[in-house]
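What follows is a set of notes on a single structure, which appears directly below.
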Amino acid sequence: MTALRHRLAERGIDRQLLLLVPALLCVLILFIYPFAYGLGLSFQPSQGGVFGAYREFFADAYQRDTIWTTLKLSLPAAFLNVAASVPIAYRMRGRFRGKRLLTVLLVVPITLGTVLTAEGLLNFLGPTGWLNRTLMSAGVIDEPVRLTNNYWGVFFSLVITGFPFAFLLILSYLSGIDPTLERAAATLGAGWWPRFHRITLPLLAPGLATTFCLTFVLAFSVFPSAVLVGDPAGTTRVISIAAYHAAYEAYDYPLASAIAVVMGVVELAVVAAVLGMRSLFYTGSTGGKG
Amino acid sequence: MTAVAVPAQEEKTRRARIVASPGAWLVWGSVTFFFVMLAGVIGSVVVSSFGRRWFDTWLPESWTTQWYGQAWHEFTLLDVLIVTIEVSLLVVGISVLVGVPASYVLARRSFPGRRVLYLLFLLPILMPPITYGIPLATVLYKYGLAGHMTGVVLANLVPSIPFVILTMTPFIEQVDPAIERAARMCGARTWQVFLRILAPLLVPGILAASILVLVRTVGMFELTFLTAGPDSQTLVVALYYTMSAAGIRAQQSVDAMAVIYTSMMLVLLVIALRFVNPTQLVARVKEDPS
Amino acid sequence: MSSFDTLRLDGVTRRFGGKDALSGLSLEIHKGEFIALLGPSGCGKSTALNCLAGLLPLSAGSIWQDDRRLDTLPPERRGFGMVFQSYALFPHLSVRKNIAFGLQMRHLPRAEVRRRTDEAIRLVRLDEHATKLPGQLSGGQQQRVAIARAVVLEPSLVLMDEPLSNLDAKLRLEMRTEIRRLHQSLGLTTVYVTHDQEEALSMADRLVVLRDGRVQQVGTPEELHTRPANRHVADFMGYRNLLPMRVTSVTREHVGVEGPGMTLTGTGVGDLFPGDEVVAAIRPEDLVVGEGGVPVTVEVVEYQGRELAVEARTDQGIMLHLRAAERPAPGDKVSVVADPARVLVFPGEPS
Numbered sequence: 001m002t003a004l005r006h007r008l009a010e011r012g013i014d015r016q017l018l019l020l021v022p023a024l025l026c027v028l029i030l031f032i033y034p035f036a037y038g039l040g041l042s043f044q045p046s047q048g049g050v051f052g053a054y055r056e057f058f059a060d061a062y063q064r065d066t067i068w069t070t071l072k073l074s075l076p077a078a079f080l081n082v083a084a085s086v087p088i089a090y091r092m093r094g095r096f097r098g099k100r101l102l103t104v105l106l107v108v109p110i111t112l113g114t115v116l117t118a119e120g121l122l123n124f125l126g127p128t129g130w131l132n133r134t135l136m137s138a139g140v141i142d143e144p145v146r147l148t149n150n151y152w153g154v155f156f157s158l159v160i161t162g163f164p165f166a167f168l169l170i171l172s173y174l175s176g177i178d179p180t181l182e183r184a185a186a187t188l189g190a191g192w193w194p195r196f197h198r199i200t201l202p203l204l205a206p207g208l209a210t211t212f213c214l215t216f217v218l219a220f221s222v223f224p225s226a227v228l229v230g231d232p233a234g235t236t237r238v239i240s241i242a243a244y245h246a247a248y249e250a251y252d253y254p255l256a257s258a259i260a261v262v263m264g265v266v267e268l269a270v271v272a273a274v275l276g277m278r279s280l281f282y283t284g285s286t287g288g289k290g
Numbered sequence: 001m002t003a004v005a006v007p008a009q010e011e012k013t014r015r016a017r018i019v020a021s022p023g024a025w026l027v028w029g030s031v032t033f034f035f036v037m038l039a040g041v042i043g044s045v046v047v048s049s050f051g052r053r054w055f056d057t058w059l060p061e062s063w064t065t066q067w068y069g070q071a072w073h074e075f076t077l078l079d080v081l082i083v084t085i086e087v088s089l090l091v092v093g094i095s096v097l098v099g100v101p102a103s104y105v106l107a108r109r110s111f112p113g114r115r116v117l118y119l120l121f122l123l124p125i126l127m128p129p130i131t132y133g134i135p136l137a138t139v140l141y142k143y144g145l146a147g148h149m150t151g152v153v154l155a156n157l158v159p160s161i162p163f164v165i166l167t168m169t170p171f172i173e174q175v176d177p178a179i180e181r182a183a184r185m186c187g188a189r190t191w192q193v194f195l196r197i198l199a200p201l202l203v204p205g206i207l208a209a210s211i212l213v214l215v216r217t218v219g220m221f222e223l224t225f226l227t228a229g230p231d232s233q234t235l236v237v238a239l240y241y242t243m244s245a246a247g248i249r250a251q252q253s254v255d256a257m258a259v260i261y262t263s264m265m266l267v268l269l270v271i272a273l274r275f276v277n278p279t280q281l282v283a284r285v286k287e288d289p290s
Numbered sequence: 001m002s003s004f005d006t007l008r009l010d011g012v013t014r015r016f017g018g019k020d021a022l023s024g025l026s027l028e029i030h031k032g033e034f035i036a037l038l039g040p041s042g043c044g045k046s047t048a049l050n051c052l053a054g055l056l057p058l059s060a061g062s063i064w065q066d067d068r069r070l071d072t073l074p075p076e077r078r079g080f081g082m083v084f085q086s087y088a089l090f091p092h093l094s095v096r097k098n099i100a101f102g103l104q105m106r107h108l109p110r111a112e113v114r115r116r117t118d119e120a121i122r123l124v125r126l127d128e129h130a131t132k133l134p135g136q137l138s139g140g141q142q143q144r145v146a147i148a149r150a151v152v153l154e155p156s157l158v159l160m161d162e163p164l165s166n167l168d169a170k171l172r173l174e175m176r177t178e179i180r181r182l183h184q185s186l187g188l189t190t191v192y193v194t195h196d197q198e199e200a201l202s203m204a205d206r207l208v209v210l211r212d213g214r215v216q217q218v219g220t221p222e223e224l225h226t227r228p229a230n231r232h233v234a235d236f237m238g239y240r241n242l243l244p245m246r247v248t249s250v251t252r253e254h255v256g257v258e259g260p261g262m263t264l265t266g267t268g269v270g271d272l273f274p275g276d277e278v279v280a281a282i283r284p285e286d287l288v289v290g291e292g293g294v295p296v297t298v299e300v301v302e303y304q305g306r307e308l309a310v311e312a313r314t315d316q317g318i319m320l321h322l323r324a325a326e327r328p329a330p331g332d333k334v335s336v337v338a339d340p341a342r343v344l345v346f347p348g349e350p351s
């Protein structure tokens, strides 16, 4: 008895692991089981055999194109958010006055919530909004530019909520890189560009990949803003709208589950591709704290 | 030799500074642009919520606070707020109770399958809520758990427990394991170690995790939307319904509700920022420590 | 607290993933003894200490306090005190509360807790700092709190895990004396882990030298210093010159050995026969400049207070460490000799 306990303890198994059980149960019951249930459901449509629901989704261009619509929104938005964050965060990584205030201000968009963002975009960017008004009175344009209830409205809302998120993450990754590394590179005669792209960027790459993934996940699951500031029947009919419609308007649960599965697969494929690229880079310590 | 080298060096740094400055302008310019847009979005909602009529002019014709009163009465805002608070507190309480012990084991111990488990806990954060929300809602409805508060709380636990685990892990890692061993050597039992030594040391982490979960739960749209019944809508969902049922309500009264929502989030955020770094607000996805 | 005569470790073994971190440590510790576990990092000394403390379960073997078996008890019920390398002070408790913690865990009456805590604080001379938090103390003061916290329980055994390694050189010497003083005045049985042979030699009554999880030698400081059991112990005890050689002659007292370009006379450890491959071990301080010895060329000279540490090379390119009283210049040719009693000849191991 004690011998067995010793042997298990040597491999790191003992009673303390029981502390994991509640959390594990929650994830299994509330996440894995429903997911498996949905997966099972997606293979039991009322008609069309095992793959009926999937065939239904992929055969219908109106449904199928939601994948492309979603990617067309989420990939550029995630890319812009990350790409814009890097130079800004790089410039701000040191200490300066007002840095805390600036980061706090950047957190504000996270509190806005979908609805205020949507309302705000409709008001501000709408045909009679302040932006069009300003541009027209400045003589830049003659006609109001249409920026809401289409692709751009959703894109802007993704940038407003996604950019602060990406920026704060990248800032924290950048401050995790030991600044003496760049100073060391400088003493070896490297200018600012070689310092950035030979030293900092490779060390930052894993963080960039993670940030891109998280921003992408946020953008990929866009739902409320696609309905509110987009064109939910046309150019911004994203995949989550399709899933929601199947479940709660058509009451076709197998189809809804199939769409959810497709959505998960597409998303994980993108994440896996990005993380796969990440593994090509150095992934060890960045010499800093945290 | 040195006499020649020094001016050359100076020349070089001066040139570097001149080259760098357009970059600085660009960076600060885009930050300013972002904030101007943000101010426009927020400002237009706030202005609209106080305006009596606002159509095709720079500012409303006259000012009023009637929309707030209307929002409060017509939308039974008080009830919605109470539901929001109840749901959030339940989610925070349960996810902390379940998540903290699990994160302790994950942070401290190594055992077979640890990496798999870590990935399992990461998955609900990486997946768009819609993908697991639809099957989860289906399952919850099947067992009669959805449509009221139980379902909303259960659904919100799915991302919250992993989030607590991820947020707590670095806090637990900061506590020197020798401190726990020292307490044991002083004669403390396991529960005494947890209660007298670990709990006081982890208070900041637990507070941080709680507030972050609170912010996320109040802001969580998709999961609540999919599982809530008429009496268990949180503020975001109620807002969404009001806004998408356009035409029935005055737009200004939706704006007023959105302002109330944002102010509530802002208060939470100001509290949160006293305890946590802004970067933790968005995500704390630490690389797997092993 | 609990009084005992001997503490016996019987074949204590600990494996990590199939690899022996500590194998078959058997040792008898007498009441009041100061034992040092000595060895390079990774030798198993900390594993031994943690097994003794109960922080690591044993893979095999047992630990006995007189007739009571200890290794099945959790750490909190063994009644030992421990001082950690990182001190492991509770950062949220004041000095006083840190020290009182163990007494409170034993549910002692409040008055007694106060009395004994005060006593311990006085013992380590921290009276003015009693209300401070650990973060406000210097390294040496934190060290004293850690010691007070361990000894206030009057444990049957005090375990110390490299307690001085985080202190600077001057403080380390002071604390060494302090620990020794506490040990003498309280008569606490102590097991002390260190990698610093000088520290172990100066503090301990007996030393246990470990290497790769195995005991190499157990003995008093004098025994280890003058008669190391094998060349690894010799290496660790400061015999910096370890020269691979071959036995040429064996007499009752001495062993003659020869190597590339040098012949020496030394004292054999164990059975040796002419022709054996051996290692001759000599401390730098036993290798001195003298007539008719091995000719060497001086390469590096370091000033070390009263003497000079010299590195020199023989004509065959073998590096020797020696001491000199007068400063030779790099490049000088000198000859070095050693007292045969101070040259230890160990059987060579196939390594």
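Protein chains in written order, with the UniProt record's numbering: chain A, 1 to 290; chain B, 1 to 290; chain C, 1 to 351.
Cβ coordinates follow ideal geometry from the N, Cα and C atoms, glycine included.
Owing to the predicted nature of the structure, the values given are computational and were not obtained by experimental measurement.
Q | Close Cβ partners of C43/C (< 6 Å) along its chain, the five nearest in sequence each way excluded | A | Here the set comprises L210 and R211.
Q: Per DSSP, which residues does T263/C bridge with? Please list them.
A: Per DSSP, E258/C.
Q.
I need the straight-line Cα distance from R14/C to I197/B, nearest angstrom please.
A. R14/C and I197/B have their C-alpha atoms spaced approximately 28 Å apart.
Q. Beta carbon of I29/C, beta carbon of V83/C: below 8 Å?
A. The answer is no: Cβ separation not under 8 Å.
Q: Please confirm if the region 25-39 of chain C is in contact with the region 177-192 of chain C, defined as three or more CB-CB distances below 8 Å between the two stretches.
A: Enough Cβ pairs lie closer than 8 Å, so yes.
Q. Which partner residues does Y303/C have in the DSSP bridge list?
A. Looking at the DSSP assignment, Y303/C forms a beta bridge with L308/C.
Q) Where does the unbroken alpha helix (DSSP H) through W68/A begin, and where does it stop? A) Run containing W68/A: A61 to M92, per the alpha helix (DSSP H) assignment.
Q. Once you ignore the five residues that flank L56/C on each side, which residues in its own chain have a CB closer than 8 Å to its CB?
A. Here the set comprises R14, T47 and N50.
(Q) For the beta strand (DSSP E) containing Q216/C, name the first residue and the last one. (A) Start and end: R214 to G219.
Q. Is L19/A helix, strand or coil when you go by DSSP?
A. It is helical.
**Q.** Simplified DSSP assignment, three categories, for T242/B
**A.** Helix.
Q: Give the single residue among H321/C, L38/C, V336/C and V334/C whose Cα lies nearest to the Cα of Y239/C.
A: In terms of Cα proximity to Y239/C, the closest of H321/C, L38/C, V336/C and V334/C is H321/C.
Q: Name, going along the chain, the residues of the region 42-58 of chain A whose beta-carbon falls closer than 7 Å to a beta-carbon of chain B.
A: The region 42-58 of chain A vs chain B, Cβ under 7 Å: nothing.
Q: Quick one: measure Cβ to Cβ for G49/A and E56/A, integer angstroms, because I've assumed they're closer than 8 Å.
A: Contact between G49/A and E56/A fails: their C-beta atoms lie close to 11 Å from each other, not under 8 Å.
Q. Assuming A190/A and R278/A make a contact with CB atoms under 8 Å, what is their CB distance in whole Å?
A. Contact flag wrong, Cβ pair sits at about 24 Å.
Q: Look at the Cβ atom of A155/B, then the Cβ atom of T227/B, and state whether they are nearer than 8 Å.
A: Yes; because the gap between Cβ atoms is below 8 Å, this pair is in contact.
**Q.** Nearest neighbour of V255/C, chosen from V269/C, L243/C, L242/C and P244/C [CA to CA]
**A.** Nearest C-alpha to V255/C: V269/C.
Q: Would you mind sorting T217/B into buried or exposed? The rule is 16 or more other CB atoms within 10 Å of its CB.
A: Per the 10 Å Cβ criterion, buried.
Q. Which class does V282/B belong to by DSSP, given the choice of helix, strand or coil?
A. With a pLDDT of 49 at V282/B, under the threshold of 50, the modelled position of that residue is not reliable, and the figure given next carries that caveat. Reduced to three states, the DSSP call for V282/B is helix.
(Q) Going by the DSSP bridge assignment, what does N241/C pair with across the sheet? (A) Under the DSSP definition of a beta bridge, N241/C partners with I282/C.
Q.
Using 8 Å as the threshold, is the C-beta distance between V82/A and T215/A below it?
A. Contact check for V82/A against T215/A passes: the beta carbons are separated by less than 8 Å.
Q: Might you give, ordered along the chain, the residues of its own chain that have their beta carbon closer than 7 Å to the beta carbon of A272/A, omitting 5 neighbours on each side?
A: Scanning its chain for C-beta atoms nearer than 7 Å, with the 5 sequence neighbours on each side dropped, one finds no residue around A272/A.
Q: Would you kindly check if the distance between the Cβ of V100/B and the Cβ of V164/B is under 8 Å?
A: V164/B is a Cβ neighbour of V100/B, given a cutoff of 8 Å.
Q. Applying the criterion that 16 or more other CB atoms from any shown protein chain within 10 Å of the CB defines a buried residue, is R96/C buried or exposed?
A. Per the 10 Å Cβ criterion, buried.
Q: Give, in chain order, every residue of the region 204-227 of chain B whose Cβ lies closer than 7 Å to some Cβ of chain F.
A: Going by chain labels, chain F is absent from the structure shown, which instead holds the protein chains A, B and C.
Q) What are the boundary residues of the alpha helix (DSSP H) that H321/C is part of? A) From DSSP, H321/C is part of no alpha helix (DSSP H) but of the beta strand (DSSP E) over M319 to A324.
Q: Out of G151/B, V47/B, G29/B and S30/B, point me to the one whose CA is closest to A258/B's CA.
A: Cα-wise, what sits closest to A258/B is V47/B.
**Q.** CB-CB length for G293/C against S335/C, believed under 8 Å
**A.** Confirmed, about 4 Å.
Q.
Between S41/C, S26/C and I35/C, which has its C-alpha nearest D62/C's C-alpha?
A. As written in the sequence, residue 62/C is Ser, which differs from the Asp given in the question. Per the Cα distances, S26/C.
Q: Check each candidate in T267/C, V301/C and R176/C and name the one with the smallest Cα separation from R327/C.
A: Of the candidates T267/C, V301/C and R176/C, the one whose C-alpha sits nearest the C-alpha of R327/C is V301/C.
Q | Start and end residues, beta strand (DSSP E) containing L244/A | A | Position check: residue 244/A holds Tyr in this sequence, whereas Leu was assumed. Note, Y244/A: premise wrong, no beta strand (DSSP E); alpha helix (DSSP H) at I239 to Y248.
Q. Exposed or buried, which one is W130/A when buried takes at least 16 other CB atoms within 10 Å?
A. So W130/A counts as buried.
(Q) Just to make sure I have the definition right: I need the residues of chain A whose C-beta is within less than 9 Å of the C-beta of I172/B. Which are they? (A) Those do not exist, as I172/B stays about 12 Å from chain A at its closest Cβ, beyond 9 Å.
(Q) I'd like the list of long-range same chain contacts for G126/A, defined as Cβ closer than 6 Å, with 5 residues on each side in sequence excluded. (A) Around G126/A, the same chain offers T148 as residues with beta carbons nearer than 6 Å, after the five sequence neighbours per side are excluded.
Q | Buried/exposed call for Q136/C, threshold 16 Cβ in 10 Å | A | Taking all protein chains in view, the Cβ of Q136/C is surrounded by fewer than 16 other Cβ atoms within 10 Å, so the residue is classified as exposed.
**Q.** Candidates A100/C, A338/C and N241/C, of which the one nearest P264/C by Cα
**A.** Note that residue 264/C is Leu in the sequence shown, not Pro. By alpha-carbon distance to L264/C, the top candidate from A100/C, A338/C and N241/C is A338/C.
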